[in-house]
Amino acid sequence: MNRNINATFSITAFDPVAREWGIAVATNNVYVGNSTCYIEAGTGAFSVIAETEPTYGINGLRLLQQGSSIEQAIRYTKEKDSLADYRQVAGIDSAGNVYAFTGSSLRYWKGVNTHHAGKNYVVMGNQLAQGTLTAMATTFENTSGTLATRLLTALMAGEAAGGQITGKQSAALLVKGSGNEWYNQIDLRVDHSATPFTDLERLLQYHYGRITLNQALYALQHQQPQRGKTLLQTAEKQTKGWYGIYSRITKAYLLLNDTLQAIRTIKAAVKAEPRWTENLPAFYCLYPKDSFFAATYPESSFTLTDWNSAISMLNNLQQPEPAIRLAQEITSRYPHSSHTWYLLACSWQQLHQPEKAQAANTRALREDPENADARRLQPALTPLYKKKFTNN
103 MNRNINATFS ITAFDPVARE WGIAVATNNV YVGNSTCYIE AGTGAFSVIA
153 ETEPTYGING LRLLQQGSSI EQAIRYTKEK DSLADYRQVA GIDSAGNVYA
203 FTGSSLRYWK GVNTHHAGKN YVVMGNQLAQ GTLTAMATTF ENTSGTLATR
253 LLTALMAGEA AGGQITGKQS AALLVKGSGN EWYNQIDLRV DHSATPFTDL
303 ERLLQYHYGR ITLNQALYAL QHQQPQRGKT LLQTAEKQTK GWYGIYSRIT
353 KAYLLLNDTL QAIRTIKAAV KAEPRWTENL PAFYCLYPKD SFFAATYPES
403 SFTLTDWNSA ISMLNNLQQP EPAIRLAQEI TSRYPHSSHT WYLLACSWQQ
453 LHQPEKAQAA NTRALREDPE NADARRLQPA LTPLYKKKFT NN
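In our numbering, the protein residues as written are 103 to 494.
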């Protein structure tokens, strides 16, 4: 029988403290994460490799939800599968109980083809170098940190121990938690690369870097400069090379009043990705600081949207006075710009001028009754406006 045999190895695990389930997997074929990982937070996780058959994961999760044990959930499909001898399947339930099997036909494949179950985890693989699974198990058991970090560290330890004897091409990391919001769930995939492990590691750093940067911005916007600076330094290292997030890093440096580093960040982004120049108008406040800005994206090229980006950034930087001056200039040029009037309202709101804020926001709604931002702001302004005049 002709078969497209692909060497694969994986680790499936559960973190009982964080209530997270995860899988890290790698193979010598493309897009390994497409058909090998099945997780339902609060229910369990299944890794299906060798000759992959998705029904093990699909049926397994359904059966766990119906009350089956992890062994029953896997054996149900295995008993109906005429090619079970070509599969490798590992599963873990909501309590961390594990079960796995390696099909009997894999004994004829080259390399090591087996699995090992430990407390709250299973490692398995085929066509592996000696010591690969042992390195993964030992590393997972002795590594601290988040489940995602431990899984990836274990996978990379397996690769360092020899990994797949036929090479590498793709890798994936999937982690889901019962209490995690969607943006904290992890679904990272390197579908085709000569360096899938380091690429996957970089993606995980980006994931955590985004979280760290958000924490830094929150601290800076709530008058915690030292904490914000420390978090920002960490986030910048974690997100190096992710130029799409450099505008937020720049914003953080501006909140720290570190103009020089803000400009350096922007220049690095533009050098790496010339189209990043589209973001320059948002940092109009830096134009007087360095001729690079006017030379790269002159004011004469600004559209109304560009000017609104500049005003919005000033508001975000908690600089309402220059935001008001710029907004008033732009509304004189574009008197029917609903969004500019809305931004002006936000500026006046920051200065605790409710009557001026309401007047600007009312104008925004007059110019565009469907301006959703202005409609959301209006109810918040009306009570403040009434309260001020009631107190007077």
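We put the CB at the ideal spot given by N, CA and C, even for glycine.
Fair warning: this is a prediction, and the values are worked out from it, not measured in the lab.
Under the 10 Å beta carbon count, E472 is surrounded by fewer than 16 other beta carbons and is classified as exposed. Beta-bridge partners assigned by DSSP to Y140: F148. In its chain, beyond the 5 residues on either side, G220 have a beta carbon closer than 7 angstroms to the beta carbon of E243. Taking C-beta atoms under 8 angstroms as the contact rule, A115 and N228 fail to qualify, at a distance of about 19 angstroms. Straight-line spacing of the CA atoms in A259 and I365 works out to 39 angstroms. Residue pairing by DSSP puts L276 in a beta bridge opposite I125 and D289.
Remark: three or more beta-carbon pairs, one from each stretch, lie closer than 8 angstroms, so the region 275–291 and the region 116–128 are flagged as touching. If you compare the alpha carbons of T129, H454 and Y444 with that of L467, the shortest gap goes to Y444. In this structure, the alpha-carbon of M415 lies about 6 angstroms from that of A384.
By the neighbour-count criterion, in which 16 or more other beta carbons inside 10 Å mark a residue as buried, Y285 falls on the exposed side. A direct Cα-to-Cα measurement between I351 and S149 gives close to 37 angstroms.
In this structure the region 341–349 lies against the region 364–383, because at least three pairs of beta carbons, one per stretch, are closer than 8 angstroms. Contact holds between the region 286–293 and the region 302–314, because three or more Cβ pairs, one in each stretch, are under 8 angstroms apart.
In the three-state reduction of the DSSP assignment, V119 falls in the coil class. In summary, A250 is buried, with 16 or more beta-carbon neighbours lying within 10 Å of its beta-carbon over all protein chains present.
Within the same chain, Cβ atoms closer than 6 angstroms to the Cβ of H441 are found at N410, the five residues on either side in sequence being excluded.
Annotation: V200 to F299 spans about 26 angstroms, alpha carbon to alpha carbon.
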